[in-house]
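Novice: Mind looking over this structure? Questions follow.
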Ligand code: MEV
């Protein structure tokens, strides 16, 4: 592989050709395959190309739905974009289970977002502290135009605090601002406000008569929103009398509830289990976040930090059994938007919103949290009953069969065979090889006997 300068300036065809000749023994085939994933409609392709840089082709991911999600009394089909097999099936199984047991409930606890201006100021903190209200007024005045629309929608800047961070580093302070961004995720809005706060501060400090020369020259280190939004918080839950849980194959409802609660206790207290437990929750949340054009990295980063908010990384879900009632809930922060960003641009994101009945941001938070909870219920249910591999291996088997280009009859026969045998890549390969060799031998010996 050679280094290249000016790659971004090349046309898409040139970019593809350069790469193909760098990496492939058969550049024509490489280019042809990459191009085969281009959208037939040039305008749509142009749209996809422009989402990012150096775009060569489209990377397909499955877009599926989970039907039967009863949330706060309303039925939803929830779109999910995810490549991992079993995730949609698991959420769908949970949705169906709770459909007949009162459904899911959810509520948004708060919707505040945070941004910070980090700066160094060599001076007397008290001097700044005393004048901070005046500075804050100026910051609000100077952002009035930026915040006008947001204020009309009921949002804007909620507060700005001066935070003394000199216990961490000499001369280090922050302006920590809280925002309400209504139905937008608000990243651009917040960052624009923060940069204006920083500008205002520099201009204001430069003309303060009571300041020393150094105090008139604060050094702005950076102005950026925080993806940690512990006060942009949603809760979703399910509950029913233990007896209504029903039986799980060999296991009665009381044993199920007991084991479920113990599994949650483990995920609350053991970091190794908590990580996997929460990973499963984000299987569900991320897939909804992705389908609705939101930033799943931000949601995950925030969720994991929140899971460690008391200094120890713990499960995001909780369970209680009190007076015969099984209750299971999730409390998770997430900053989602239903306007702006990809939400109005990506044709499938627009369809996802149509499928969901055009929710606002608060409703989308409830839907995503519910799918996280549904996912976790399905995972823990499998783990404490049949074990996770049973369901996983069925999907895994299908993937392996696809890998070996199994025919329909081979697939059907393999599914039957693996009801009684352990699935593994080599076991599937050996089985198919055996069948194919036998069929070949039959053909060679002139036999027309049927084979799988
Ligand atoms: C797999 O992607 C997720 C699970 O491991 C989650 C869990 O263990 O709770 C099944």
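Numbering (our numbering), first residue to last: 9 to 460. Here a beta-carbon is modelled for each residue, glycine too, at the ideal position from N, C-alpha and C.
1) Give me, in chain order, the residues of the same chain whose beta-carbon lies closer than 6 angstroms to that of residue 223; leave out the 5 immediate sequence neighbours on both sides.
2) For residue 8, which beta-bridge partners are listed by DSSP?
3) With respect to the beta strand (DSSP E) encompassing residue 227, which residues constitute its N-terminal and C-terminal limits?
4) Grouping DSSP H, G and I as helix and E and B as strand, with all else coil, what is residue 18?
5) For the ligand MEV, I want to know if residue 396 counts as a neighbour, meaning its beta carbon is within less than 7 angstroms of at least one of the ligand's heavy atoms.
6) Under a Cβ-count criterion, where at least 16 other Cβ atoms within 10 Å of its own Cβ denotes burial, should residue 291 be classed as buried or exposed?
7) Alpha helix (DSSP H) containing residue 35: first to last residue?
8) Taking only three categories from DSSP, how would you classify residue 431?
9) Grab me the residues of residue 111's own chain with a C-beta within less than 6 angstroms of its C-beta, minus the 5 sequence neighbours each way, in chain order.
10) For residue 108, count neighbouring C-beta atoms within 10 Å of its own C-beta (all shown protein chains included) and say buried if the count is 16 or more, exposed if not.
11) Would residue 283 and residue 321 qualify as a contact pair, given that the criterion is a beta-carbon distance under 8 angstroms?
12) Does the Cβ of residue 291 lie closer than 7 angstroms to at least one heavy atom of the ligand MEV?
13) Which of the three DSSP states, helix, strand or coil, is assigned to residue 172?
14) Out of 386, 429, 413, which one is the CA nearest neighbour of residue 402?
15) What are the start and end residues of the alpha helix (DSSP H) that includes residue 355?
16) Have a look at 229, 169, 266, 165 and flag the residue whose alpha-carbon is nearest the alpha-carbon of residue 201.
17) From residue 95 to residue 214, what does the alpha carbon distance come to, in whole angstroms?
18) Using a Cβ-Cβ cutoff of less than 7 angstroms, which residues in the same chain neighbour residue 61 once the five nearest sequence positions on both sides are dropped?
19) If you draw a straight line from the C-alpha of residue 327 to the C-alpha of residue 285, how long is it?
20) Check whether the segment 63–72 touches the segment 323–340, counting contact only when three or more Cβ pairs, one atom from each stretch, lie closer than 8 angstroms.
21) Going residue by residue through the segment 124–177, where are the continuous alpha helix (DSSP H) segments of at least 4 residues, counting only ones entirely within it?
22) Which complete beta strand (DSSP E) runs does the segment 240–311 hold, if anything under 3 residues is left out?
23) Could you tell me the distance, in whole angstroms, from the CA atom of residue 400 to the CA atom of residue 176?
24) When the Cα atoms are used, what is the spatial distance from residue 138 to residue 319?
25) For residue 114, which beta-bridge partners are listed by DSSP?
26) Quick test of the definition: if touching needs 3 or more C-beta pairs under 8 angstroms, does the segment 183–191 touch the segment 116–129?
27) Strictly by DSSP, which residues pair up with residue 186?
28) Ends of the beta strand (DSSP E) at residue 340?
29) With distances taken Cα to Cα, identify the nearest neighbour of residue 405 among 75, 394, 421, 252.
30) From residue 101 to residue 76, what does the alpha carbon distance come to, in whole angstroms?
31) Output needed for residue 46: all residues of its chain with C-beta closer than 8 angstroms, excluding positions within five of it in sequence on either side, in chain order.
32) Are residue 376 and residue 90 close, meaning C-beta to C-beta below 8 angstroms?
33) Let's test the definition: count the other Cβ atoms within 10 Å of the Cβ of residue 324 and tell me whether it reaches 16, buried, or not, exposed.
34) Tell me which residue opens and which closes the beta strand (DSSP E) that residue 330 is part of.
35) Grouping DSSP H, G and I as helix and E and B as strand, with all else coil, what is residue 321?
36) Please go through the same chain and pick out, in chain order, the residues whose beta-carbon is closer than 7 angstroms to the beta-carbon of residue 23, but skip the five residues on each side of it.
Specialist: In terms of the structure at hand:
1) Translated into positions along the chain shown, residue 223 becomes position 215. Closer than 6 angstroms at the Cβ level, and outside the excluded window around residue 223, lie 131.
2) With the chain represented from 9 up to 460, any question about residue 8 goes unanswered, as that position is not in the structure.
3) Taking the first residue of the chain shown as 1, we reach residue 227 at position 219. That run of the beta strand (DSSP E) goes 227–234.
4) The count along the chain shown starts at 1 and reaches residue 18 at position 10. Residue 18: coil per DSSP, three-state reduction.
5) Working through the chain shown from its first residue, we reach residue 396 at position 388. It does: the Cβ of residue 396 is within 7 angstroms (strictly closer) of some heavy atom of the ligand MEV.
6) On the chain shown, residue 291 is found 283 positions in, with the first residue counted as 1. By the neighbour-count rule (16 or more Cβ atoms within 10 Å), residue 291 is buried.
7) Taking the chain shown and counting its residues from 1, the one referred to as residue 35 is at position 27. Element bounds for residue 35: 35–44.
8) Start at 1 with the first residue of the chain shown, and residue 431 comes out as number 423. Correct three-state label for residue 431: coil.
9) Locating residue 111 in the chain shown gives position 103, where the first residue counts as 1. The residues are 78.
10) Mapped onto the chain shown, residue 108 falls at position 100. Result: exposed.
11) Walking along the chain shown from the start, residue 283 turns up at place 275. Walking along the chain shown from the start, residue 321 turns up at place 313. Closer than 8 angstroms, so yes.
12) What you label residue 291 is simply residue 283 of the chain shown in a count that begins at 1. Yes, the ligand MEV has a heavy atom inside 7 angstroms of this Cβ.
13) As a working note, residue 172 is residue 164 in the chain shown. Three-state result, residue 172: strand.
14) One-based indexing of the chain shown puts residue 402 at position 394. Of the candidates 386, 429, 413, the one whose C-alpha sits nearest the C-alpha of residue 402 is 429.
15) Position 347 of the chain shown, counted from the start, is the residue given in the question as residue 355. Annotation for residue 355: the continuous alpha helix (DSSP H) segment containing it runs 355–363.
16) Against the chain shown, residue 201 aligns to sequence position 193. In this structure, 165 is the residue among 229, 169, 266, 165 with its C-alpha nearest to the C-alpha of residue 201.
17) Taking the chain shown and counting its residues from 1, one reaches residue 95 at position 87. Taking the chain shown and counting its residues from 1, one reaches residue 214 at position 206. Straight-line measurement puts the Cα of residue 214 at about 57 angstroms from the Cα of residue 95.
18) Within the chain shown, residue 61 is the residue found at index 53, counting from 1. Only 16 meet the Cβ criterion.
19) Taking the chain shown and counting its residues from 1, the one referred to as residue 327 is at position 319. Taking the chain shown and counting its residues from 1, the one referred to as residue 285 is at position 277. If I take the Cα positions, the gap works out to 13 angstroms.
20) The count of Cβ pairs closer than 8 angstroms, one atom from the segment 63–72 and one from the segment 323–340, stays below three, leaving the stretches out of contact.
21) Entirely contained in the segment 124–177, the alpha helix (DSSP H) runs reaching 4 residues are, in chain order, 133–150, 152–160.
22) 240–249, all fully within the segment 240–311.
23) By 1-based counting over the chain shown, the position of residue 400 is 392. By 1-based counting over the chain shown, the position of residue 176 is 168. Residue 400 and residue 176: Cα-Cα distance of roughly 48 angstroms.
24) On the chain shown, position 130 is the one that residue 138 refers to. On the chain shown, position 311 is the one that residue 319 refers to. Whole-angstrom Cα-Cα distance: 34 angstroms.
25) Taking the chain shown and counting its residues from 1, the one referred to as residue 114 is at position 106. According to DSSP, residue 114 shares a beta bridge with 244.
26) Output reads yes: the segment 116–129 touches the segment 183–191.
27) The residue labelled residue 186 in the question sits at position 178 within the chain shown. Residue 186 pairs with 122, 167.
28) Here residue 340 refers to the residue found at position 332 of the chain shown. Counting along the chain, the beta strand (DSSP E) containing residue 340 begins and ends at 333–341.
29) Taking the chain shown and counting its residues from 1, the one referred to as residue 405 is at position 397. The candidate whose alpha carbon is nearest that of residue 405 is 421.
30) To locate residue 101, count along the chain shown from 1; it is residue 93. To locate residue 76, count along the chain shown from 1; it is residue 68. Approximately 9 angstroms between the Cα atoms of the pair.
31) Start at 1 with the first residue of the chain shown, and residue 46 comes out as number 38. These residues qualify, in order along the chain: 53, 65, 66.
32) Stepping through the chain shown from its first residue, residue 376 is reached at position 368. Stepping through the chain shown from its first residue, residue 90 is reached at position 82. No; because the gap between Cβ atoms is not below 8 angstroms, this pair is not in contact.
33) Your numbering for residue 324 matches position 316 in the chain shown. Buried is the call here.
34) Along the chain shown, read from residue 1 onward, the residue named residue 330 stands at position 322. In the DSSP assignment, residue 330 falls within the beta strand (DSSP E) that extends over 325–330.
35) Working through the chain shown from its first residue, we reach residue 321 at position 313. Three-state result, residue 321: coil.
36) Residue mapping note: residue 23 aligns to position 15 of the chain shown, counting from 1. So the list reads 15, 62, 64, once near-sequence residues are dropped.
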